[in-house]
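Using the working numbering, the letters of the sequence shown map in sequence onto residues 23 to 286.
Heads up, the beta-carbon is just placed ideally off N, CA and C, and yes, glycines get one too.
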Amino acid sequence: MDLRVFEVAALDPISQFNIKTWLPMSLFGMDISITNSVGFMALGCALVVLFFSVASSRGDLVPSRLQSIGELGYGFIADMIRSIAGEEGLKFFPFVFTLFFFILAANLVGMSPYAFTTTSQLAVTATLSVLVIAIVIIYGLWKNGFGFFGLFAPPLGDMPAAGKAVLYTILIPIEIISFVSRPLTLALRLFANMLAGHIALKLFAGFAVMLASAGGVWAVGSILPFTMGVALNALEFLVAGLQAFVFSILTCVYLNDALHPGHH
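This is the structure in structure tokens:
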């Protein structure tokens, strides 16, 4: 058997992230083609909508298992927002709820064979992070006016004025840099975790297939990469949920800054 096909699969793990056009389309000269990224993103959204539509369709006094899972998800997001941003933060519940389950569905769909992981694309994660920061800035300015800029000058208590002046010259630039870096870190954290995990999975799976196909002693050696691949696959499912949680909880932290800019 020609092993070159398997060698390519093992040594070219980046090919799984290639954007492929499914349906070429254009609008006023602008490319709006349906790609594999768009298609699997739409699939993730459809699965979330379908799940909660079915889970909430009956509304029995004694909830079914599906309804219980839906209620747990609803309560989980509500408790997370309430614990970080307070009752006032619940006005952002639809946004955080949608964000969490969109990322979770995209991550889980990407774990299926031959599927495409949309959150492994920096353009997707960057769009989500910029959306979060834009909401923080716009709402923060709308609610607090210039008081929103108190976010960059945390209260220093009863410290003498001279000491405050010195500390503020140090703290304010640090706070500004920290705030500006938020969309970057939000986007890169999700993107890098999904990218690295899927590359590692592809490498272990590719090597396992390549060694098994070689036969003989090499086939015995395939047990190790196969075992590592199974273990890594389980870890990736955990990471899929964890990254959705981390992105959402950081969103709540940033929204709390918009709600209470002087109390961080």
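Is it buried or exposed, Gly-251, if we count other Cβ atoms within 10 angstroms and call 16 or more buried?
Buried, because 16 or more other Cβ atoms sit within 10 Å of the Cβ of Gly-251.
Within 8 Å, do at least three Cβ pairs link the segment 185 to 192 to the segment 138 to 151?
no
Taking C-alpha atoms, which residue in Ala-68, Asp-53, Asp-279 lies nearest to Ala-175?
Asp-279
Is the CB-CB distance between Gly-66 and Trp-44 below 8 Å?
Not a contact, by the Cβ cut-off of 8 Å.
Taking just the CA atoms, how far does Asn-129 sit from Leu-193?
Straight-line Cα distance between these residues: approximately 37 Å.
Reducing DSSP to helix, strand and coil, say where Ser-105 ends up.
helix
Residue environment, Glu-258, which counts as buried when at least 16 other CB atoms sit within 10 Å
buried
Quick check: the Cα distance between Ala-37 and Ala-230, rounded to an integer number of angstroms?
Note that residue 37 is Ser in the sequence shown here, rather than Ala. So the alpha carbons of these two residues sit roughly 18 Å apart.
In angstroms, rounded to a whole number, what distance separates the CA positions of Ile-160 and Ser-151?
14 Å
Close-in-space but distant-in-sequence residues of the same chain around Ile-99 (CB under 8 Å, 5 per side omitted)
Phe-115, Val-118, Phe-119, Phe-122, Ser-270
CA-to-CA distance, Gly-263 to Leu-126, given in whole angstroms
Approximately 6 Å, taken between the alpha carbons.
What residue from Leu-173, Thr-147, Ala-218 has the CA that sits closest to Val-158's CA?
Leu-173
Buried or exposed for Asn-40, please, with buried defined as at least 16 other CB atoms from any protein chain shown within 10 angstroms of its CB.
exposed
DSSP on Thr-140, reduced to helix/strand/coil?
It is helical.
Go through its chain and collect everything with a Cβ distance to Tyr-96's Cβ below 8 Å, but skip five positions before and after it.
Phe-119
Between the C-alpha atoms of Leu-112 and Arg-104, what's the straight-line distance to the nearest angstrom?
7 Å
Are Gln-89 and Ser-75 close, meaning C-beta to C-beta below 8 Å?
no
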